[in-house]
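If you're matching them up, the sequences are chains A and B in order. With the numbering used here applied, the first sequence covers 1 to 177. With the numbering used here applied, the second sequence covers 1001 to 1177. See below for the structure under consideration.
Protein chains: 2
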Amino acid sequence: MARKKSSNDIRGGQAEAGSTRRAPMREFSRSLPMSLLRAREAVMRQFRPSLRNHGLTEQQWRILRALTSVDEIEVTELAHLAFLLGPSLSRILRDLEARQLIERKTAATDLRRAVVSISAKGLKLIEAVAPTSEAIYAAITKRYGARRLAELQEMLGALEMSLSGMVHDDAGIEADE
Amino acid sequence: MARKKSSNDIRGGQAEAGSTRRAPMREFSRSLPMSLLRAREAVMRQFRPSLRNHGLTEQQWRILRALTSVDEIEVTELAHLAFLLGPSLSRILRDLEARQLIERKTAATDLRRAVVSISAKGLKLIEAVAPTSEAIYAAITKRYGARRLAELQEMLGALEMSLSGMVHDDAGIEADE
DNA sequence: GGGATATTATTAACATGTTAAGTGAATTCC
DNA sequence: GGAATTCACTTAACATGTTAATAATATCCC
């Protein structure tokens, strides 16, 4: 009775609540952040198992992937490229270096900066994962439609641009101190 | 021809590490997961400071928001509604209960289930945050365009649907064990 | 030249994401 | 009606997100 059977998978269904109080501000589950979150989760759900089979997390994969597009790169630039915050990147680089998937050296001109590059071993791993990853991406593209997908990405980019310079009050102005 | 940006073309013939290695599979920074991630971050960047000023994280806010849309709700349903995994929800509910922002009781008919509802104090907090939150949402809508925003959300929903039943190999089939 | 300041990267501390395992309660099924 | 199974939730363990604080170097600027 009620409840179908949702294995251990919390995400991926609708929840029709009981007495239904009145709708608040917005239907909430239809808010923009939620829409983006769910869409991304739907996409990543496709990739995660494959990555996991190769011992990689999503972020580790992002970093290695980013490193294949350059010869070498400074940490801060890599953070931008892989869209990770510094602290996360620091931790992951430490692990990837320990696994010898990347190499790190100090910049000659500026001892503060570290320069990172992917190792042969890392490259090999990427090459092992890439085919599956590409196949999944192709399947997604086929399902959703290449044209529609391109349009979606364009709109997402436009959204980013729209918000890039946006500021507002209540954003942390706490008197002084 | 051999150079067209085809599938597993990670290494250009060999891993000859010359200067400026060339672009791999996809421009990477333009992959769908990255696009979604950046778009969502651009949006959340607007909300986080305000939430923070009220002592709430994004997820705590999601939960309280979800709770305002129902009279009371079971934990599993709430997980679906707020799109959180069980373990995350468990932790957050523990904290929110300690802060007396929510109330929890055990279902009478099924001792396994817990029923959660927002408290008066929680409702008050929501009401304090909502105006700013609404203002930010309105600003985003104005900047991006209401029509365009609706279209984007439709496309995101469609993407979710497209991928909902998608399966593929390499997804964790490790013999048996 | 040298103190004040800025920059780069890391560490710290806490909250969440993610998967697996555990606990207690309900259901199934013989 | 009781063992086996399933279910709802929680804990555990590890990785990352997020903000603040540090440490080490570079740069400014008088």
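Every residue gets a Cβ at the ideal spot worked out from N, C-alpha and C, and that includes glycine. If you're wondering where the values come from, they're calculated on a predicted model, not measured in any experiment.
Quick one: does A/Ala-139 have its CB under 8 angstroms from some CB of chain B?
By this cut-off, A/Ala-139 is an interface position.
Under a three-way DSSP split, which group does B/Ser-1117 fall into?
Of the three classes helix, strand and coil, the one that applies to B/Ser-1117 here is strand, per DSSP.
Please identify, using Cβ separations under 9 angstroms, the residues of the segment 1055-1072 of chain B that lie next to chain A, in order along the chain.
Result list: Glu-1058, Arg-1062, Arg-1065, Ala-1066, Thr-1068, Ser-1069, Val-1070, Asp-1071, Glu-1072.
Suppose you measure from the CA of B/Lys-1028 to the CA of B/Thr-1106; what does that come to, to the nearest Å?
Checking the sequence, you will find Phe at residue 1028 of chain B rather than Lys. Taken atom to atom, the span from the alpha-carbon of B/Phe-1028 to that of B/Thr-1106 is near 48 angstroms.
Straight-line gap, A/Arg-94 to A/Leu-67 (C-alpha atoms, nearest Å):
Looking at the two C-alpha atoms, the distance is approximately 15 angstroms.
Range of the contiguous alpha helix (DSSP H) that encloses B/Arg-1048
Counting along the chain, B/Arg-1048 sits inside the alpha helix (DSSP H) bounded by residues 1032-1053.
From the DSSP output, in three-state form, read off A/Ala-2 for me.
In this prediction, A/Ala-2 has a pLDDT of 36, which is less than 50 and means its spatial position is unreliable; what the coordinates show is noted afterwards. Coil.
Are the beta-carbon atoms of B/Arg-1038 and A/Glu-160 separated by less than 8 angstroms?
Yes, they are a contact pair.
From the DSSP output, in three-state form, read off B/Thr-1106 for me.
The answer is strand: DSSP assigns B/Thr-1106 an E or B state.
C-alpha distance - B/Ser-1050 paired with A/Ser-119, whole-angstrom precision
So the alpha carbons of these two residues sit roughly 43 angstroms apart.
Taking 8 angstroms as the cut-off, does the segment 139-152 of chain A touch the segment 1135-1146 of chain B (at least 3 CB pairs, one atom from each stretch)?
Judged by pairs of C-beta atoms under 8 angstroms, the segment 1135-1146 of chain B does not touch the segment 139-152 of chain A, as fewer than three such pairs exist.
Element boundaries [alpha helix (DSSP H), containing B/Asp-1095]
Per DSSP, the unbroken alpha helix (DSSP H) holding B/Asp-1095 starts and ends at 1086-1098.
Using CA atoms only, rank isn't needed, just tell me which of A/Ser-31, A/Leu-36, A/Arg-30 is closest to A/Gly-157.
Nearest to A/Gly-157 by C-alpha distance, out of A/Ser-31, A/Leu-36, A/Arg-30, is A/Leu-36.
Please say whether B/Ile-1092 and B/Gly-1122 have beta carbons closer to each other than 8 angstroms?
Between B/Gly-1122 and B/Ile-1092, the CB-CB gap reaches or exceeds 8 angstroms.
From A/Ala-23 to B/Leu-1064, what does the alpha carbon distance come to, in whole angstroms?
For A/Ala-23, the pLDDT reaches just 48, beneath the cut-off of 50, and the residue's location in the model is therefore unreliable, leaving the point undetermined.
Residue-chain proximity (B/Ala-1039, chain A), Cβ-Cβ < 8 angstroms
B/Ala-1039 has a beta carbon lying within less than 8 angstroms of a beta carbon in chain A.
Say whether chain A places a C-beta atom closer than 8 angstroms to the C-beta of B/Leu-1081.
Chain A contact via Cβ: present.
In whole angstroms, what separates the C-alpha of A/Leu-56 from that of A/Leu-96?
When only Cα atoms are considered, A/Leu-56 and A/Leu-96 end up about 10 angstroms apart.
As a quick exercise: from B/Val-1115, B/Ser-1031, B/Met-1155, B/Leu-1081, pick the residue whose alpha carbon is nearest that of B/Glu-1072.
Taking only the C-alpha atoms, the option nearest B/Glu-1072 is B/Val-1115.
Can you have a look at A/Thr-132 and say buried or exposed, based on whether 16 or more other CB atoms are within 10 angstroms of its CB?
A/Thr-132 is classed as buried because its beta carbon has at least 16 other beta carbons within 10 Å across all chains shown.
Residues bridged to A/Glu-160 [DSSP beta-bridge criterion]:
In the DSSP assignment, no residue is bridged to A/Glu-160.
Please classify B/Leu-1089 as buried or exposed, where buried requires at least 16 neighbouring CB atoms within 10 angstroms.
Classification for B/Leu-1089: buried.
Cβ neighbour criterion (16 or more within 10 Å) applied to B/His-1080:
Classification for B/His-1080: buried.
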